[in-house]
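Residue numbers (the working numbering), protein chains in the order written: chain Y, 583 to 1010; chain Z, 583 to 1010.
One structure is given here, and the rest of the page talks about it.
Protein chains: 2
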Amino acid sequence: MAGPHRVVIIGGGFGGLSAALKLKRAPVQVTLIDRCNYHLFQPLLYQVATGALSPANIASPLRNILKKQKNTRVLLAEATRIDAANKRVILSDGSVEYDTLIVSTGASHQYFGHEAWEQFAPGLKTIEDATDMRRRILLAFEAAEREQDPEKLRAWMTFVIVGGGPTGVELAGALGEIANDTLRRDFRVIDPSKAQIILVEGADRVLPVYPQPLSAAARRMLERLGVTVRTGALVTDIQKESVTLREGDRTETIPTRTVLWAAGVLGSPLGRMLSAETGATLDNAGRVIVEPELTVPGHPEIFVIGDLANFSHQTGKPLPGVAQPAIQEGQYVAETIQRRLRGEKIPPFRYRDKGNLATIGRAAAVADLNWLRLSGWPAWLMWIFIHLVYIIEFQNRMLVLVQWAWFYFSYDRSARLITGKNPLPLDL
Amino acid sequence: MAGPHRVVIIGGGFGGLSAALKLKRAPVQVTLIDRCNYHLFQPLLYQVATGALSPANIASPLRNILKKQKNTRVLLAEATRIDAANKRVILSDGSVEYDTLIVSTGASHQYFGHEAWEQFAPGLKTIEDATDMRRRILLAFEAAEREQDPEKLRAWMTFVIVGGGPTGVELAGALGEIANDTLRRDFRVIDPSKAQIILVEGADRVLPVYPQPLSAAARRMLERLGVTVRTGALVTDIQKESVTLREGDRTETIPTRTVLWAAGVLGSPLGRMLSAETGATLDNAGRVIVEPELTVPGHPEIFVIGDLANFSHQTGKPLPGVAQPAIQEGQYVAETIQRRLRGEKIPPFRYRDKGNLATIGRAAAVADLNWLRLSGWPAWLMWIFIHLVYIIEFQNRMLVLVQWAWFYFSYDRSARLITGKNPLPLDL
C-alpha cells in the first residue's frame, strides 16, 4: 500500500514557506529543504546591510515556524540536482523522493557577463551579503578617517549604488542617512556628511516599474538626503578603485572604493539543472518559463514558484521579483496539490497585485496601491505597518519596532558592527 | 611649546573604555586604539553563543559611546608592538606617540600546550567565536537529525564543556535549556532532550572561586537541567570525534562532536611584546606583573590593566578576570594621570570587591556579595538587574530586556541562526 502523497519543497523563502504552511492540514507528507536553517525576510535585508537591524531580527528558524506542523519535516541540506525521471531530489549528502516537487530556490544577482565585478561590487541576497556590505560601508569611513592623500580620501568617501530599483533606492536612502545623521559626530578628521552617494540607473528614472509621478517623488526624496541620482547611465567597468559610467556618448570614471550592486537578477542554478533535466525553457535571467498552473512543461508534478519562475500568462511579462507573487504562488500550489488529490479541476494561477512600496529613509516612502498613490509620510507609515505585519515572529516584530522607534528619534543605527574576517590593516 | 599630554589606550574593553570615559574632562588628548569598532559586553557573550541574543545587542560602536567626548579620538587599528624607548605604539599601518600609555588588550584562551585542540574545542572571547560556537551547537542537532548510525548519533548528541568557571557553568546551563525546552518540538527523528551535556572541571567543585555552598547550589541547578557535572576530571586529549578524561587513575574516552572550551586564560600577545621591550615579568598565564600603581616596573608612564594585568599586591593572588577589576583599574589610572599632571601624590590601587554572580539558566543563579549569599530566584533577579544596568546603550538595554522577557515566557531563543561559511554537506 502506498504511503501518503509526498510533497518536497526546495527553498524556504516566501514561496516555499507559504506553500508548506498552506499544506498544514492536507493529507500529505511535506519535506522542506533549505541550505539555511532560517526563513529570511529579504525586504528588510538592506536594513541589516546599513546597520539598522540585526540579522536575527529578520531571520526566523524554519524549524521554529513549522514545529507544530506535524506533517512537515525540515531538512538542512543542499539540493544539487533534480532527477525528474525517478522523481528524486539529489542532495549533497543523500536524496529524497517526491510525488510532487515545488522548486522555490529564488534568484541571485548577475553581472551580465562581467563576473569580475562581483569582488568590487557585492550584491545583497543573503545574511552574509548583508554583513559583508555593512563591513565595507563602515570600513570605508574608517579608512577615510586615517587617509592622508586627498584623492584617495575622496575615493573612500564616494559610494556608488548600481541599480535604481527598490533595493538600490532603499540602500541609497539609508546611506544618505548614515552619512548625514548617524555618523555625524563620530569622526574627528572627516565630516561624514561630505560623503558623495551616487545612485546609477540605466533607465530614465528610478523605480521604473512604478508610475512616473512616484519615480519623480522618490528622486526628490533621495536628493534631499544628498544622493546624486544618475539616470540613463550605464556601468561599463568596475575596478578596485573606480567605476566607469556611460551616459549617451559621454564616458566618465568615478574614483570610489565602495560599489554596491543592486542591478541584475539571475535565477538560482537549480533552474538550469531543471532545464537540462526536463527540457524546460529558461528566459535570459535564468528563470524557468512555467505553464499557467506554474508547472514545468511535460511535468505536472513539478512546480516552480517565486523569483525562479517566469509566469507571463497574465500580463505578458514576468511578475515582479518581490514577496507578494511568491506568497500567492506558494498558496496556489498548495491548493492545487490538494485539489488534485480530491480529483478536482484546477484553474490557472491568477496574481492579485496589491501594489508596490519602497522606503527612501526616515519618514519618506512611495506607495502605489493601484487605486491610490502615496508618497512621503503617509506612504512611510503604511510601509512600517505592512512590514511589521508580515514579519513572521511576534518577538521579532517587537524587536524591530523598538529599533525603528529608537532610530526615528535618535538617528542611531546600533547594529553597525564590523564583523567577520579581520579587516586590518586598513587598505589605505 | 608642548601640546596637551597625550594618553594612548590600547583596547576598548571594560578597562580601556572606563579609563577613556573617566578622562572626559581631563586636560589631555586621548587616543583609543582597538581592532574592533565596538565595545563588547563580554559577560553576555555566552548568550550570543547559545542563540538568546544578537551580537549587536552586546556590542556598542566605540565611536558612538565617545562621540561627545571632544578630547578623544578612536582609531580602528591593530597595535603590533610597543616602542617604549621612543614612546610610540607601532600599528600594522602606522604609529602613534604617547606620553602615557594604557595597555588593556585583555586575554584569550589557552590550551596549555595542546594548540591542536583549538580546532575541535573553540573558546569564547569574540563575537566571531560566539557565532562560530552557535553554528557548531545548532549543526550538531541538525546532523543528529540526519544521522543513521546510532553510535555516530550519540556523538552528535553529546556536548562537552571544559572548565567549570562562570563561562563553563553558564554555557552548560544554556545548553541544558536549549536541549530541554527551546528545541523541544523542532525535530522529527531525534529528541533533543536526550542530549548529553557534560561539564568537566579539574577542581573538586564548579565555580571554585565562590564559597563552597554556592558551588554546591550551582551544581544542583545544573543537574536539574540535565547537565552531568564531572569534577576532579582532567582533559588529556581532544580529537575530532572524542574527548578523553582522566579521573584519578581512571581514563575514559567520550565520543562527542561538540567540545566547548571554557578553561585556560592567556594574556594577549601585546603582553609578551611589552615584556620583551621593557623586561617586565609575565606570570604563567602571560599576564604582566604590575606595580602597586598598575605600572610596568621602570616605566611609570606605561599602565597595564584588566585581564592582561597580574595585580597581586592586595590579596597575594591576581584579581579575577571579570569586568569589575578592569573597570576599577581603568578609573584608577585615569585619576592617577590627572593627579600626576597636578603634581599630587598617588596612592596605590585598591580593588573593592563587590561580589560575584553567575547564572545557570532561567530563574537560576548564584550570587556572592560577600555580606550576602544568594542562590536561585533572588540571585537571578539580581543578575538581570545588574547586567541591564551595566549594558552601555539605552537601546540595547531595551532590546535585551524584550528578548529576556520573551525567552522567560516562551523558552524561545530567536537568534539561533547558522551563519558564516556554508556548512553543507553535513559531516555525517
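Glycine included, C-beta positions come from ideal geometry on N, C-alpha and C.
Note that the structure is a prediction, hence the values are computed from the model and not measured.
As a beta-bridge residue in DSSP terms, residue 620/Z pairs with 643/Z. When beta bridges are read from the DSSP output, residue 929/Y appears opposite no residue.
Boundaries of the beta strand (DSSP E) around residue 690/Z: 689 to 692. Around residue 1007/Z, the beta-carbon contacts reaching into chain Y at under 8 Å are 659, 660, 673, 674 and 675. Boundaries for residue 607/Z: no beta strand (DSSP E) harbours it, and the DSSP string shows neither H nor E there. About 6 Å separates the Cβ atoms of residue 684/Y and residue 598/Y, confirming a contact at the 8 Å cut-off. Per the C-alpha coordinates, the member of 740/Z, 784/Z and 885/Z positioned closest to residue 828/Z is 784/Z. Separation of residue 913/Z and residue 831/Z (C-alpha to C-alpha, rounded to the nearest whole angstrom) is 48 Å. The beta-carbon of residue 663/Z is placed no less than 8 Å from the nearest beta-carbon of chain Y.
Secondary structure note for residue 665/Y: its beta strand (DSSP E) is the uninterrupted segment 661 to 665.
With fewer than 16 other beta carbons inside 10 angstroms of its own, residue 674/Y counts as exposed.
For residue 982/Y, the enclosing alpha helix (DSSP H) begins and ends at 976 to 992. Here residue 729/Z has 735, 738 and 1010 as same chain residues with Cβ atoms under 8 Å from its own Cβ, once five neighbours each way along the sequence are excluded. For residue 867/Y, the closest of 846/Y, 855/Y and 885/Y by C-alpha to C-alpha distance is 846/Y. Between residue 782/Z and residue 759/Y, the alpha-carbon positions lie close to 50 Å from each other. Here residue 911/Y is buried, its C-beta having at least 16 other C-beta atoms within 10 Å. If the five residues before and after residue 707/Y are omitted, its C-beta is found closer than 6 Å to the C-beta atoms of 690, all from its own chain and listed in chain order. Under a 10 Å Cβ-count criterion, residue 1008/Z is classified as buried, with 16 or more other Cβ atoms of the shown protein chains found around its own Cβ. Partner residues in the beta bridge of residue 892/Y, as assigned by DSSP, are 871/Y.
If you ignore the 5 residues before and after residue 775/Z, its C-beta comes within less than 6 Å of the C-beta of 761 and 762, all in its own chain and listed in chain order.
Residue pairing by DSSP places residue 696/Y opposite no residue, since no beta bridge is assigned to it. For residue 885/Y, same chain residues with a beta-carbon under 6 Å away, outside a window of 5 residues either side, are 684, 876, 877 and 915 in chain order. Not a single CB atom of chain Y sits nearer than 8 Å to the CB of residue 968/Z. Secondary structure at residue 596/Y: helix, using DSSP grouped into helix, strand and coil. DSSP, reduced to helix, strand and coil, places residue 763/Y within a helical segment of the structure shown. A direct Cα-to-Cα measurement between residue 825/Y and residue 900/Y gives close to 31 Å. For residue 962/Z, the enclosing alpha helix (DSSP H) stretches over residues 959 to 972. For the set 1005/Y, 1006/Y, 996/Y and 1003/Y, the Cα lying nearest the Cα of residue 630/Y is the one of 996/Y. Nearest in C-alpha terms to residue 766/Y, of all of 650/Z, 619/Z, 930/Z and 627/Z, is 650/Z. If you ignore the 5 residues before and after residue 778/Z, its C-beta comes within less than 6 Å of the C-beta of 740, all in its own chain and listed in chain order. Per DSSP, residue 751/Y has no beta-bridge partner at all. Within its own chain, the residues whose Cβ lies closer than 6 Å to the Cβ of residue 863/Z, once the five positions on either side in sequence are excluded, are 871, listed in chain order. Excluding its 5 nearest sequence neighbours in each direction, residue 679/Y has C-beta neighbours in its own chain below 7 Å: 588, 669 and 670, listed in chain order.
Between the C-alpha atoms of residue 844/Z and residue 665/Z there is a straight-line separation of about 33 Å.
Per the DSSP secondary-structure output, residue 837/Z pairs in a beta bridge with 824/Z. Spatial neighbours of residue 892/Y in its own chain (CB-CB distance under 6 Å, excluding positions within 5 residues in sequence) are listed in chain order as 865, 869, 871 and 900.
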